[in-house]
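Novice:
2 protein chains.
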Amino acid sequence: MAERPQRVTIADIAKHVGVSTATVSYAINQPSRVSAGVVLQVNEAIALLGYRGNAAARQLRVGRSEAIALIVNDASNPAFTAFAAAAETEAALTGRFILLANSSDDPTRELAYLRFFESQQVGGIVLAPVGEVPEELSEIANRGTPVVSLGNLGGASSVPFVSGDDHAGGVVAMKHLIHLGRRTPLFVGGPLPQFRYRHQGAEQVAAAAGRVLESHALAAATVKEAFRAISAMPLEQLLSFDSVFAGNDLLAIGVLHALHDRGVRVPEQIAVIGYDDIEFAELAIVPLTTVRHDAAAMGRAAIRTAIGPKATTSQTYPPQLVVRRSTVS
Amino acid sequence: MAERPQRVTIADIAKHVGVSTATVSYAINQPSRVSAGVVLQVNEAIALLGYRGNAAARQLRVGRSEAIALIVNDASNPAFTAFAAAAETEAALTGRFILLANSSDDPTRELAYLRFFESQQVGGIVLAPVGEVPEELSEIANRGTPVVSLGNLGGASSVPFVSGDDHAGGVVAMKHLIHLGRRTPLFVGGPLPQFRYRHQGAEQVAAAAGRVLESHALAAATVKEAFRAISAMPLEQLLSFDSVFAGNDLLAIGVLHALHDRGVRVPEQIAVIGYDDIEFAELAIVPLTTVRHDAAAMGRAAIRTAIGPKATTSQTYPPQLVVRRSTVS
DNA sequence: GCATCTGCTTTAATCGATTAACAGAAACTT
DNA sequence: AAGTTTCTGTTAATCGATTAAAGCAGATGC
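Just so you know, the protein sequences line up as chains A and B, in that order. Heads up: the first sequence is residues 155 to 483, going by my numbering. Heads up: the second sequence is residues 155 to 483, going by my numbering.
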């Protein structure tokens, strides 16, 4: 509990060693430029005095920080976990740090974080947008901060993205249901931008097979909302569907529980397929069939894009079907 | 896609309006000190030119940023979700931002983030430590950055903490099992610091009731590890236990699945109780009995502590038992 | 009429680190 | 031996914003 309200600066180190601040700075950042002896003394002094540097001062001079911002619309969705972990690892490789921010599906908050991070002069911004890609993001890019959108969501089109191929994913999911002989599918998730392409892909396949894909809108993409939606549906209407394609696994889990509570057998009466392959998909009451992307590869790619000076190339990753008991008994 | 590599500074605004930079700064930060007309013009110019400020410059001068760092050891654990959401809301109230960082249970990474955030001069640091509270954290506190430990974990003792009352939680959990007539409990989670007090509380109650609480160590606190542990246990040994207290809900879910796969009935043959009451506890194959704390209150308290200039008061929150079917059929 | 006060604005120092430009000494060329 | 490199170190400008102190009108007081 020592009293040391004053922060240790580079000047303290310089005084302690008996050289100029410039030399200390060189010793820290370009050790080869100064004599070995001085480097040693500087390092000793740093350890002794507890010097930690002042990132603000450094940034002001250099113009960028070693941080990369990752703004997500819903940090509680486990689908981000694998992505974020890979991003973290990739960032650590080059000595960078990931700053995760949660916009909680609030566009206002998203904007606030975007502005905050731009003024912080982070080295790059990865945004999983609440809705469409906001204009602000492409403006930030124009002003010099590398940005990437996580997911291909429409909106500001000049922003590069890293995304799973959602359209193809929707195709794969619906083909699976059709192959299983299902004829009356329901899409749960409604017109939310995050699900747009998944829905379109599925719809296209359904139409090609002469089926109609009904769509049920949700107020929010949460387990609870999906549960409520299915629970509130008249049984007769519910049983007019023989399969459900949920916009993501959280919704699918909500659907599974609602069906379970109402005594509807899965997959016999209704088959259920989700999207993302989160950890809990496999652990659901009925193990969940789902579609996955290589989240680790996407995480790495997003960071690499957000680091490169002029990032303009978008990348798309193919879907992979993961069959479990919720569609095949 | 306009070409504007140059960032807009306060000087650009000043020139545009025809005043000094000082006036612009006052107009932004203390509008009452400047004439209304100028404030108006400044705001117009800001909007027109797209001024976003330079947080580094501001920080260098002011000494602190409006960001609060939240470093967690495992961002994929849903137990953090409610906590983080409340923290976010509380921070937003005072115009602050939460920067979430994930140490991924790596002490090296934890240290790197601590140093990074200190050099960033964030307004406060909330740390959910990998193991015990590191010395570095209390040194950071001594150097002037407010810090809080999330969880009471031993280690650097001078650091204030916000924590559930884990000892009491362990007591509540074990009392529940004993009331149900269980005689041979197993603790899953081993000697990990995060579970220390939960285990101690449970052990104490078991001893008082004349029972022995066996403990099974895990290499990591993950669903998979718990699953493996139970799956690898000889059936005879496994069935010598009539109940399992898992260090947290993730472990409990792993246990539930392993038991399910081996055909052990829950709760008839083995009752299972977890800790944290994560969203998926209720949604597990057998809805999970668990112990919860008021995570939202803890999130708010942590932020308030991390904001106050001299935070030294620790706060503990009482546990609450949530009974579901994994202990009572 | 002269001093004082008020309101608005500017001047200039400052935060802590980086780095171009420079300088002195030692080492190397030819 | 004179010129050229190389090696170390210093000086001083700079990044962009904040803010104490000072300046300067115009209003008010007596």
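Every residue gets a Cβ at the ideal spot worked out from N, C-alpha and C, and that includes glycine.
Mind checking residue 472 of chain A: buried by the 16 CB within 10 Å criterion, or exposed?
Specialist: Here the question's residue 472 of chain A lines up with position 318 in the first sequence. That one is exposed.
Novice: Where residue 283 of chain A and residue 458 of chain A are concerned, what is the direct C-alpha to C-alpha distance, given to the nearest angstrom?
Specialist: Here residue 283 of chain A refers to the residue found at position 129 of the first sequence. Here residue 458 of chain A refers to the residue found at position 304 of the first sequence. Distance between the alpha carbons of residue 283 of chain A and residue 458 of chain A is about 19 Å.
Novice: Can you find a C-beta in chain B that's less than 9 Å from the C-beta of residue 384 of chain A?
Specialist: Your numbering for residue 384 of chain A matches position 230 in the first sequence. Closer than 9 Å: no.
Novice: How about residue 197 of chain B: is its C-beta nearer than 9 Å to some C-beta of chain A?
Specialist: By one-based count along the second sequence, residue 197 of chain B stands at place 43. Residue 197 of chain B does not count as touching chain A.
Novice: Please confirm whether residue 401 of chain B and residue 315 of chain B have their CB atoms less than 9 Å apart.
Specialist: As a position in the second sequence, residue 401 of chain B is number 247, starting the count at 1. As a position in the second sequence, residue 315 of chain B is number 161, starting the count at 1. No.
Novice: Using 10 angstroms around the beta-carbon of residue 323 of chain B, count the other beta-carbons present and answer buried if the total reaches 16, otherwise exposed.
Specialist: For the purposes of this step, residue 323 of chain B is identified with residue 169 of the second sequence, where counting begins at 1. When all chains shown are included, residue 323 of chain B counts as buried.
Novice: Report the three-state DSSP secondary structure of residue 251 of chain A (helix, strand or coil).
Specialist: As a working mapping, residue 251 of chain A is identified with position 97 in the first sequence. Correct three-state label for residue 251 of chain A: strand.
Novice: Among the candidates A:207, A:259, A:257, A:246, whose CA atom is the shortest distance from the CA of residue 269 of chain B?
Specialist: Working through the second sequence from its first residue, we reach residue 269 of chain B at position 115. Out of A:207, A:259, A:257, A:246, A:207 has the C-alpha closest to the C-alpha of residue 269 of chain B.
Novice: Give a yes or no on whether 9 Å exceeds the smallest Cβ distance from residue 478 of chain A to chain B.
Specialist: Here residue 478 of chain A refers to the residue found at position 324 of the first sequence. Residue 478 of chain A does not count as touching chain B.
Novice: Residues of the stretch 393-404 of chain A with a CB closer than 7 Å to any CB of chain B: list them in chain order, please.
Specialist: Answer in chain order: no residues at all.
Novice: Measuring only the C-alpha atoms, how far is residue 238 of chain B from residue 280 of chain B?
Specialist: On the second sequence, position 84 is the one that residue 238 of chain B refers to. On the second sequence, position 126 is the one that residue 280 of chain B refers to. So the two alpha carbons sit approximately 11 Å from each other.
Novice: What's the gap between the Cα of residue 155 of chain B and the Cα of residue 293 of chain B?
Specialist: Here residue 155 of chain B refers to the residue found at position 1 of the second sequence. Here residue 293 of chain B refers to the residue found at position 139 of the second sequence. Low confidence applies to residue 155 of chain B: its pLDDT is 34, below 50, so where it sits in the model is not reliable, and the reading given next is rough at best. Going by the C-alpha atoms only, they are around 47 Å apart.
Novice: Touching or not, the stretch 227-238 of chain A and the stretch 228-246 of chain B, by the rule of three or more beta carbon pairs under 8 Å?
Specialist: Touching, per the Cβ criterion.
Novice: Under 7 Å Cβ to Cβ from residue 383 of chain B, same chain only, skipping five residues before and after it: list those, please.
Specialist: Counted from its first residue, the second sequence places residue 383 of chain B at position 229. Same-chain partners within the cutoff: 342, 370, 372.
Novice: What would DSSP say about residue 286 of chain B, mapped onto helix, strand or coil?
Specialist: Taking the first residue of the second sequence as 1, we reach residue 286 of chain B at position 132. Correct three-state label for residue 286 of chain B: coil.
Novice: At 3 residues or longer, what runs of the beta strand (DSSP E) sit wholly inside the stretch 377-415 of chain A?
Specialist: Taking only runs of at least 3 residues, the beta strand (DSSP E) segments lying wholly in the stretch 377-415 of chain A are 397-400.
Novice: CA-CA distance, residue 399 of chain B and residue 319 of chain B?
Specialist: As a first step, residue 399 of chain B is located in the second sequence; it is residue number 245 there, counting from the start. As a first step, residue 319 of chain B is located in the second sequence; it is residue number 165 there, counting from the start. So the two alpha carbons sit approximately 16 Å from each other.
Novice: Can you have a look at residue 264 of chain B and say buried or exposed, based on whether 16 or more other CB atoms are within 10 angstroms of its CB?
Specialist: To locate residue 264 of chain B, count along the second sequence from 1; it is residue 110. Buried is the call here.
Novice: Work out the CA separation of residue 253 of chain B and residue 246 of chain B for me, nearest whole Å.
Specialist: Position 92 of the second sequence, counted from the first residue, corresponds to residue 246 of chain B. Position 99 of the second sequence, counted from the first residue, corresponds to residue 253 of chain B. Roughly 12 Å separates the two Cα atoms.
Novice: I need the straight-line Cα distance from residue 197 of chain A to residue 450 of chain A, nearest angstrom please.
Specialist: The residue you call residue 197 of chain A lines up with position 43 of the first sequence. The residue you call residue 450 of chain A lines up with position 296 of the first sequence. Going by the C-alpha atoms only, they are around 37 Å apart.
Novice: Which residue from B:379, B:406, B:411, B:418 puts its Cα closest to that of residue 389 of chain B?
Specialist: Within the second sequence, residue 389 of chain B is the residue found at index 235, counting from 1. When only C-alpha atoms are compared, the closest one is B:418.
Novice: I'd like to know whether the C-beta atoms of residue 478 of chain A and residue 204 of chain B end up nearer to each other than 9 Å.
Specialist: Locating residue 478 of chain A in the first sequence gives position 324, counting from the first residue. Locating residue 204 of chain B in the second sequence gives position 50, counting from the first residue. No; because the gap between Cβ atoms is not below 9 Å, this pair is not in contact.
Novice: Pop quiz: residue 178 of chain A and residue 168 of chain A are said to be a contact at Cβ under 8 Å. What is the actual Cβ separation, rounded to whole angstroms?
Specialist: Mapped onto the first sequence, residue 178 of chain A falls at position 24. Mapped onto the first sequence, residue 168 of chain A falls at position 14. Yes, residue 178 of chain A and residue 168 of chain A are in contact; Cβ-Cβ is about 5 Å, under 8 Å.
Novice: Where do the N-terminal and C-terminal ends of the alpha helix (DSSP H) with residue 317 of chain B fall, by residue?
Specialist: Position 163 of the second sequence holds residue 317 of chain B. Where residue 317 of chain B is concerned, there is no enclosing alpha helix (DSSP H), although the beta strand (DSSP E) it sits in stretches over 315-318.
Novice: Let's see if you can read the secondary structure: which residues bound the beta strand (DSSP E) around residue 370 of chain B?
Specialist: Here residue 370 of chain B corresponds to residue number 216 of the second sequence, with the count starting at 1. Residue 370 of chain B -> beta strand (DSSP E) spans 368-370.
Novice: Are the Cβ atoms of residue 447 of chain B and residue 474 of chain B separated by less than 9 Å?
Specialist: As a working note, residue 447 of chain B is residue 293 in the second sequence. As a working note, residue 474 of chain B is residue 320 in the second sequence. Cβ atoms of residue 447 of chain B and residue 474 of chain B: closer than 9 Å.
Novice: Just verifying my parser: in three-state terms, what is the DSSP assignment at residue 322 of chain B?
Specialist: Sequence index remark: in the second sequence, residue 322 of chain B carries index 168 (1-based). DSSP places residue 322 of chain B in helix when its eight states are reduced to three.
Novice: With DSSP as the reference, identify every bridge partner of residue 135 of chain B, one or two as the case may be.
Specialist: This structure leaves residue 135 of chain B out entirely; chain B is present only between 155 and 483.
Novice: In angstroms with no decimal places, state the Cα-to-Cα distance between residue 350 of chain A and residue 285 of chain B.
Specialist: By one-based count along the first sequence, residue 350 of chain A stands at place 196. By one-based count along the second sequence, residue 285 of chain B stands at place 131. Whole-angstrom Cα-Cα distance: 43 Å.
Novice: Would the stretch 426-442 of chain A count as touching the stretch 214-222 of chain A if we require 3 or more Cβ pairs under 8 Å?
Specialist: The stretch 426-442 of chain A is not in contact with the stretch 214-222 of chain A.
Novice: Is DSSP giving residue 471 of chain B helix, strand or coil here?
Specialist: Position 317 of the second sequence, counting from 1, holds the residue named residue 471 of chain B. Strand at residue 471 of chain B.
Novice: Run through chain B and tell me which residues come within less than 8 Å of residue 269 of chain A, C-beta to C-beta.
Specialist: As a first step, residue 269 of chain A is located in the first sequence; it is residue number 115 there, counting from the start. Going along chain B in sequence order, the residues near residue 269 of chain A (Cβ under 8 Å) are 206.
Novice: For a cutoff of 9 Å on Cβ pairs, would you count residue 182 of chain B as touching chain A?
Specialist: Position 28 of the second sequence, counted from the first residue, corresponds to residue 182 of chain B. Chain A contact via Cβ: absent.
Novice: Cutting at 7 Å between CB atoms, please list the residues of its own chain near residue 440 of chain B, excluding the five before and the five after it.
Specialist: In the second sequence, residue 440 of chain B corresponds to position 286, counting from 1. Around residue 440 of chain B: 410, 420, 479, 480.
Novice: At 3 residues or longer, what runs of the beta strand (DSSP E) sit wholly inside the stretch 188-245 of chain A?
Specialist: As far as the stretch 188-245 of chain A is concerned, its whole beta strand (DSSP E) runs of at least 3 residues are 221-226.
Novice: Which residues share a DSSP beta bridge with residue 446 of chain A?
Specialist: Counted from its first residue, the first sequence places residue 446 of chain A at position 292. Paired residue(s): A:474.
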